[in-house]
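Here it is in structure tokens:
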């Protein structure tokens, strides 16, 4: 007894994909025979390659899940003429082949009955919802990890010594590197209103690196501010060198400041020569006397028994007058030399005091710049870590 008959279907297919994106849809399906049973049941096993348009949401790229709906319905038969039934709640994935870019999350089938304004009859359809998750490992190693490393290198701009002259160069190099990676991402993403997660991360990282480069210029300005000779204001010294330095675990050894006492310790030379006369010239060692007093001391010494001799007294008076004139000139020259020496010593002490003041001011400005660099290093490190964690973990599907 003949139970079934197979013949080739020549009529048009009753079911179509509502969101087909294949221009040659008629050739997508492979023609197969139709099985007609003796009880009136007709079985048509058709297969083919179908292309459907789907809405792509790249807001959480590369940690995103895409959902594609394939709606199957009849364009010519209503629900009274052709009804659609689901055999299972889920789609058949027994022949599914794994993809290197996406993982299949779910394959669900849903039946809908719709009523259109043109016709009162119901039109059933079956919609298959395909949910796929992107494999993020490729993008993590090729896009996210380089960005994290560039951020770490950019943070070292606050750790590089200011005297090296490479702080700004390091920041600009990191900024250019991140810009190149951002251009690579934009070429691989479709244009959309929503900013992708990875683009947002790169944008925030570029802003942080730009701010770090700008603040490094400020710290360099503070570092070289001591060259101008201006001292550190007391409020900055108190806030930065005392309180902020303890906060960033920096400690500076106090510098011994010997205050110059040249105005009090150095005896100024006056115009009166009497101040150079010892109180008791007779008790002073002749080698320690000035030439004037030494000559007078020698001229006052007379031989024994010559005190009342007029000839010796006249000779003594002439010699004393000559010696007095000579000693006056010698003493005047000696006083001028001493005044020049005193002026030179005072100028040297003033110059050394000014030089020490400038060195102290320059050292304090360098210490202020060092404290600011260390504070900005910790601040940007915490900001980068928080921003990276919030952005990369902001996807509801997890990183």
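Residue numbers (UniProt numbering): 1 to 399.
All residues carry an ideal CB built from backbone N, CA and C; glycine is no exception.
Remember, it's a predicted structure, so these values are computed and weren't measured experimentally.
- Query: What's the C-alpha gap between residue 245 and residue 347?
  - Reply: Your numbering for residue 245 matches position 245 in the chain shown. Your numbering for residue 347 matches position 347 in the chain shown. For residue 245 and residue 347, the distance between alpha carbons rounds to 37 Å.
- What did DSSP end up calling residue 233 once you bin it into helix, strand or coil? Translated into the one-based positions of the chain shown, residue 233 becomes position 233. For residue 233, the secondary structure class from DSSP, reduced to helix, strand or coil, is coil.
- Item | 8 Å Cβ shell around residue 135 - same chain, five flanking residues per side excluded | The residue you call residue 135 lines up with position 135 of the chain shown. Shown here for residue 135: same chain residues with a beta carbon closer than 8 Å to its own, the five before and five after excluded, namely 100, 101, 102, 103 in chain order.
- Message: So within the segment 80 to 151, which uninterrupted beta strand (DSSP E) runs reach at least 3 residues, ignoring any that extend past its ends?
- Response: Within the segment 80 to 151, the complete beta strand (DSSP E) segments at least 3 residues long are 102 to 115, 122 to 134, listed from N- to C-terminus.
- Item | Whole-Å CB distance - residue 125 paired with residue 72, under 8 Å assumed | Translated into positions along the chain shown, residue 125 becomes position 125. Translated into positions along the chain shown, residue 72 becomes position 72. With a Cβ gap of about 6 Å, residue 125 and residue 72 count as contacting.
- Task: State yes or no: is the C-beta of residue 219 within less than 7 Å of the C-beta of residue 373?
- Result: Here residue 219 is taken as the residue at index 219 of the chain shown, counted from 1. Here residue 373 is taken as the residue at index 373 of the chain shown, counted from 1. In contact: residue 219 and residue 373 (Cβ atoms closer than 7 Å).
- Query: Should residue 155 be labelled buried (16 or more other beta-carbon atoms within 10 Å of its own) or exposed?
  - Reply: On the chain shown, residue 155 is found 155 positions in, with the first residue counted as 1. Taking every protein chain shown into account, the CB of residue 155 has 16 or more other CB atoms within 10 angstroms, so this residue is buried.
- Item | Whether residue 58 touches residue 208 by CB criterion (7 Å) | Position 58 of the chain shown holds residue 58. Position 208 of the chain shown holds residue 208. Going by C-beta atoms, residue 58 is not nearer than 7 Å to residue 208.
- Per DSSP, which residues does residue 66 bridge with? Please list them. As a position in the chain shown, residue 66 is number 66, starting the count at 1. Beta-bridge pairing links residue 66 to 132.
- Contact between the segment 228 to 239 and the segment 76 to 94 (3+ Cβ pairs under 8 Å): Look at the beta carbons and you see the segment 228 to 239 not touching the segment 76 to 94: under three pairs across the two are nearer than 8 Å.
- Message: Determine whether the beta carbon atoms of residue 80 and residue 121 lie at a separation below 7 Å.
- Response: Counting from 1 along the chain shown, the entry for residue 80 is found at position 80. Counting from 1 along the chain shown, the entry for residue 121 is found at position 121. It is a contact, given that the beta carbons lie within the stated cut-off.
- Query: Counting pairs of beta carbons, one from the segment 347 to 357 and one from the segment 138 to 150, are three or more of them closer than 8 Å?
  - Reply: The answer is no - the segment 138 to 150 does not touch the segment 347 to 357, with fewer than three Cβ pairs under 8 Å.
- Task: Answer yes or no: do residue 123 and residue 109 have a C-beta to C-beta separation smaller than 7 Å?
- Result: Looking up residue 123 in the chain shown gives position 123. Looking up residue 109 in the chain shown gives position 109. In this structure, residue 123 sits away from residue 109, with a CB-CB distance that is not shorter than 7 Å.
- Task: Tell me the start and end of each unbroken alpha helix (DSSP H) in the segment 177 to 252 that is at least 4 residues and wholly inside, in chain order.
- Result: Counting whole runs of 4 or more residues, the segment 177 to 252 contains the alpha helix (DSSP H) stretches 197 to 223.
- Message: Pull the bridge partners of residue 397 from the DSSP assignment, please.
- Response: The sequence position of residue 397 within the chain shown is 397, counting from 1. The secondary-structure analysis by DSSP pairs residue 397 with nothing; it has no beta-bridge partner.
- Item | residue 291 versus residue 350 - alpha carbon distance | Taking the chain shown and counting its residues from 1, the one referred to as residue 291 is at position 291. Taking the chain shown and counting its residues from 1, the one referred to as residue 350 is at position 350. At residue 291, the pLDDT of 47 sits below 50, so the modelled position is not reliable; the number obtained from the coordinates is stated separately. So the alpha carbons of these two residues sit roughly 32 Å apart.
- Grouping DSSP H, G and I as helix and E and B as strand, with all else coil, what is residue 402? The question about residue 402 has no answer here: the residues shown for the chain are numbered 1 through 399.
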